[in-house]
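Student: Count along the sequence shown from 1, add 197, and you get the number used in my numbering. To start, I am sharing the structure in question, which I have written as structure tokens.
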Amino acid sequence: MSSHPPFDLVAAAREAVKEHGFQPDYPPEVQQQVAALEAHPPLLPEGAEDLRHLLWSSIDNDTSRDLDQIEYADTLPDGRMRVQIGIADVDAYVPKGSAIDRYAANETATLYTGVKNFSMLPEALSTGLTSLLEGEDRAVVVTEFVLDANVCATESCVAESRIYLALVRNHAQLAYPGVGAWLDGKAAAPPKVAASSELQTQLKLQNEIAQRLRLERYRHGALNIDTAETHDQVEASGIKLGNEEKNSATELIEDFMIAANGVVARALEAKKIASIRRIVRTPKRWDRIVELAASLGAKLPVAPDSTALNDFLCERKENDPDHFPDLSLAIVKLLGPGEYVLERPGAPSEGHFGLAVEDYTHSTAPNRRYADLVTQRLLKAMIAGRPSPYSDDELAAIAANCTAKAAAERKLEREMQKRIAAVALANRIGEKFRAIVTGVNEHGSFVRTLAPRVDGMLVQGQHGVDVGDKLNVRLVRTDPNRGFIDFARA
Numbered sequence: 198m199s200s201h202p203p204f205d206l207v208a209a210a211r212e213a214v215k216e217h218g219f220q221p222d223y224p225p226e227v228q229q230q231v232a233a234l235e236a237h238p239p240l241l242p243e244g245a246e247d248l249r250h251l252l253w254s255s256i257d258n259d260t261s262r263d264l265d266q267i268e269y270a271d272t273l274p275d276g277r278m279r280v281q282i283g284i285a286d287v288d289a290y291v292p293k294g295s296a297i298d299r300y301a302a303n304e305t306a307t308l309y310t311g312v313k314n315f316s317m318l319p320e321a322l323s324t325g326l327t328s329l330l331e332g333e334d335r336a337v338v339v340t341e342f343v344l345d346a347n348v349c350a351t352e353s354c355v356a357e358s359r360i361y362l363a364l365v366r367n368h369a370q371l372a373y374p375g376v377g378a379w380l381d382g383k384a385a386a387p388p389k390v391a392a393s394s395e396l397q398t399q400l401k402l403q404n405e406i407a408q409r410l411r412l413e414r415y416r417h418g419a420l421n422i423d424t425a426e427t428h429d430q431v432e433a434s435g436i437k438l439g440n441e442e443k444n445s446a447t448e449l450i451e452d453f454m455i456a457a458n459g460v461v462a463r464a465l466e467a468k469k470i471a472s473i474r475r476i477v478r479t480p481k482r483w484d485r486i487v488e489l490a491a492s493l494g495a496k497l498p499v500a501p502d503s504t505a506l507n508d509f510l511c512e513r514k515e516n517d518p519d520h521f522p523d524l525s526l527a528i529v530k531l532l533g534p535g536e537y538v539l540e541r542p543g544a545p546s547e548g549h550f551g552l553a554v555e556d557y558t559h560s561t562a563p564n565r566r567y568a569d570l571v572t573q574r575l576l577k578a579m580i581a582g583r584p585s586p587y588s589d590d591e592l593a594a595i596a597a598n599c600t601a602k603a604a605a606e607r608k609l610e611r612e613m614q615k616r617i618a619a620v621a622l623a624n625r626i627g628e629k630f631r632a633i634v635t636g637v638n639e640h641g642s643f644v645r646t647l648a649p650r651v652d653g654m655l656v657q658g659q660h661g662v663d664v665g666d667k668l669n670v671r672l673v674r675t676d677p678n679r680g681f682i683d684f685a686r687a
């Protein structure tokens with residue numbers, strides 16, 4: 198038996214959070230503001246539409262308590278379909294410039310480390326007062342849009358839209374695995390869904406609408422990506438090395454959020470309100486994407502072209518579904534991360550290459566992302582006819598900080614995933630794995646094993662490899678203290 202004490206992953210997470218520029222503890226003034234809010238919560242807004250009678254539901258992870266959005270859909274008398282997405286009114290509890298707001302502005306997002314979540318907002322709010330929990334009356338900002346098959350030549354089939362304040366109640370708090378398996382015909386309906394034929398009809402309608410939105414995005418060149426993200430968790434029973442797999446439920450919410458974010462961006466643009474946009478620039482490594490496609494018998498144009506790339510991805514998904522997640526992962530790594538930027542009305546937009554849209558913001562997760570909370574304040578000012586609460590310089594500074602902190606967040610989460618995996622794989626030194634190359638830079642070559650999905654560095658046999666290459670590797674070392682997992686080419 199080893200004489201070494203077990204590695205303390207929670208302590209390591211706290212230290213890593215600080216090393217990457219985040220603050221794991223709320224300052225006293227934040228705790229004081231939370232106590233005041235709990236004692237005297239804000240009144241529900243006057244003039245908001247009372248929509249508590251609608252069959253709102255939420256779909257999120259099994260363990261999520263910080264619920265940002267709920268959904269409802271119906272068919273109008275003329276046959277068109279309408280979607281209403283309620284986003285938690287976090288601004289009502291976190292005014293601009295308040296102690297909580299200053300803390301959130303620095304953190305910019307909730308951090309998920311696999312052993313402990315470090316919430317952007319105190320959990321008394323994010324998993325309590327501002328969370329759209331089942332059975333609770335909540336204030337929301339509703340993004341509503343109507344689909345019309347006759348206007349599908351436009352970007353998203355959205356014929357009309359509006360944004361307004363409402364009072365809602367979540368009637369069914371649901372989870373991705375159960376709803377997804379049911380929608381995909383792989384399992385019986387979860388108990389809440391099985392108990393309500395009205396909820397079954399509602400979810401099927403939402404799924405139908407989501408599929409239309411998705412197909413229309415693909416038609417305009419949005420990329421059909423299918424990556425299985427690494428999602429290691431430390432649970433009471435031990436370490437679980439797992440993946441977050443897509444299903445119809447995860448895609449439904451993704452499709453609705455993308456559509457809602459587009460509606461919000463266009464609404465702010467129409468009112469000539471400066472905002473924060475989320476962009477993914479044209480990929481600098483398009484030549485490697487072309488090379489990968491050529492290795493699979495396909496020819497892509499020399500200049501970056503999202504429609505041509507998506508046609509290639511769709512063909513590969515149809516003809517080789519088993520290996521499609523590996524190809525998707527390589528493409529995602531070559532596209533590069535997104536950025537937040539200031540968007541001035543009328544100025545040319547960089548756009549989002551992966552979604553093939555020029556009008557995209559973040560608005561649907563104000564409990565978890567600061568950019569979304571800022572966007573919510575812009576929307577509430579727009580609805581009330583007030584001037585924007587932010588100057589262009591303020592928005593530019595917030596966007597730059599969100600981009601920088603998002604890069605730090607990615608490094609932190611990768612580091613903690615490696616530490617968790619290093620602990621889990623400590624007794625598997627010498628084992629061989631199938632892997633894909635995920636990164637090559639001045640720091641080295643990096644791979645992800647396919648079963649289980651674990652990220653590490655290729656320390657032997659790395660010369661000549663490039664992103665997307667597949668190879669056999671052997672585990673040679675794990676170091677949870679430094680977050681190192683080293684592989685040799687087998």
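C-beta atoms are modelled at their ideal positions from N, C-alpha and C, and glycine is treated no differently.
Can you give me the Cβ contacts of ALA208 inside the same chain, cut-off strictly under 6 angstroms, excluding the 5 residues immediately before and after it?
Tutor: none
Student: Judging by CA-CA distance, which residue of LEU412, LYS602, ASP589, ILE626 is the nearest neighbour of ARG566?
Tutor: LYS602
Student: Enumerate in chain order the residues of its own chain whose CB-to-CB distance from ALA562 is below 6 angstroms, with the five nearest sequence positions on each side excluded.
Tutor: ASP265, ASP569
Student: Considering only the alpha carbon of each residue, which of GLY311, SER560, ALA597 lies closest to ARG211?
Tutor: Taking the Cα of ARG211 as reference, the smallest distance to any Cα among GLY311, SER560, ALA597 is reached at GLY311.
Student: Whole-angstrom Cβ separation of ILE360 and VAL343, contact assumed at under 8 angstroms?
Tutor: So it is not a contact: roughly 13 angstroms between Cβ atoms.
Student: Quick check on DSSP: helix, strand or coil for MET278?
Tutor: strand
Student: Throw me the rounded Cβ distance for the PHE684 and VAL634 pair, which I believe falls under 8 angstroms.
Tutor: PHE684 to VAL634, Cβ: 11 angstroms. No contact.
Student: Use the C-beta contact count for GLU466: other C-beta atoms within 10 angstroms, 16 or more gives buried, fewer gives exposed.
Tutor: buried
Student: Does DSSP classify GLN220 as helix, strand or coil?
Tutor: coil
Student: Relative to the C-alpha of ASN404, which candidate in PHE453, GLY658, SER503 has its C-alpha closest?
Tutor: PHE453
Student: For GLU333, which residues from the same chain have a beta carbon less than 6 angstroms from its beta carbon, with the 5 sequence-adjacent residues on both sides left out?
Tutor: none
Student: Would SER707 pass as a contact of ALA457 if the rule is Cβ separation under 8 angstroms?
Tutor: The chain is shown only over 198 to 687; residue 707 falls outside these bounds and no answer can be derived.
Student: For SER472, which residues does DSSP report across the bridge?
Tutor: According to DSSP, which records beta bridges pairwise, SER472 is partnered with GLU540.
Student: With DSSP run on the structure shown, which of helix, strand or coil describes GLY459?
Tutor: helix
Student: Excluding the five sequence neighbours on either side, which residues of its own chain have a C-beta within less than 6 angstroms of the C-beta of GLN659, listed in chain order?
Tutor: Contacts found: SER642.
Student: Can you give me the C-alpha to C-alpha distance between ASP590 and ALA372, rounded to a whole angstrom?
Tutor: 40 angstroms
Student: By the three-class DSSP mapping on this structure, what secondary structure does TYR309 have?
Tutor: strand
Student: Alpha carbon to alpha carbon, what distance is there between GLY244 and THR675?
Tutor: 59 angstroms
Student: Out of VAL656, ILE682, HIS640, ASN678, point me to the one whose CA is closest to LEU622's CA.
Tutor: ILE682
Student: Please give the ranges of any beta strand (DSSP E) in the region 594-645, keeping only runs that are unbroken, at least 3 residues long and fully inside the region.
Tutor: 629-638
Student: Is the region 523-538 in contact with the region 503-510, if contact means three or more CB pairs nearer than 8 angstroms?
Tutor: Touching, yes.
Student: By the three-class DSSP mapping on this structure, what secondary structure does ARG262 have?
Tutor: coil
Student: Does DSSP put ALA491 in a helix, in a strand, or in coil?
Tutor: helix
Student: Can you tell me whether PRO319 is buried or exposed, with buried defined as 16 or more other CB within 10 angstroms of its CB?
Tutor: buried
Student: Taking all protein chains shown into account, decide if GLY325 is buried (16 or more other Cβ within 10 angstroms of its Cβ) or exposed.
Tutor: buried
Student: Between ASP519 and chain B, is there a C-beta pair that is closer than 8 angstroms?
Tutor: Annotation note: the requested chain B is absent from the structure, which comprises a single protein chain.
Student: With the cut-off set at 8 angstroms, would you say ILE690 and VAL538 are in Cβ contact?
Tutor: Only positions 198 to 687 of the chain appear in this structure, which leaves residue 690 out of reach.
Student: Closest to PRO501 by CA distance: which of GLU488, LEU493, ASP259 is it?
Tutor: Out of GLU488, LEU493, ASP259, the CA that lies nearest to the CA of PRO501 is found in GLU488.
Student: Closest by CA to CYS354, which one among CYS511, LEU329, ARG409?
Tutor: For CYS354, the closest alpha carbon among the candidates CYS511, LEU329, ARG409 is that of ARG409.
Student: Under 8 angstroms between the Cβ atoms of ALA213 and MET613?
Tutor: Yes.
Student: Take ARG631 as the anchor and find which of ALA619, ASP381, GLY543, LEU647 has the nearest alpha-carbon.
Tutor: LEU647
Student: My assumption, with CB atoms under 8 angstroms, is that THR558 sits in contact with VAL461. Please give the rounded CB distance.
Tutor: 6 angstroms
Student: Assess, as a yes-or-no matter, whether the region 375-386 is touched by the region 443-451 under the definition of 3 or more beta carbon pairs within less than 8 angstroms.
Tutor: yes
Student: Tell me whether TYR415 sits in a helix, a strand or coil according to DSSP, three-state version.
Tutor: helix
Student: Comparing alpha-carbon positions, which option in ARG299, ASP259, THR340 lies nearest GLN286?
Tutor: Note on residue identity: the sequence assigns Asp, not Gln, to residue 286. The residue with the shortest Cα to Cα distance from ASP286 is THR340.
Student: Helix, strand or coil for LYS667? Go by DSSP, reduced to three states.
Tutor: strand
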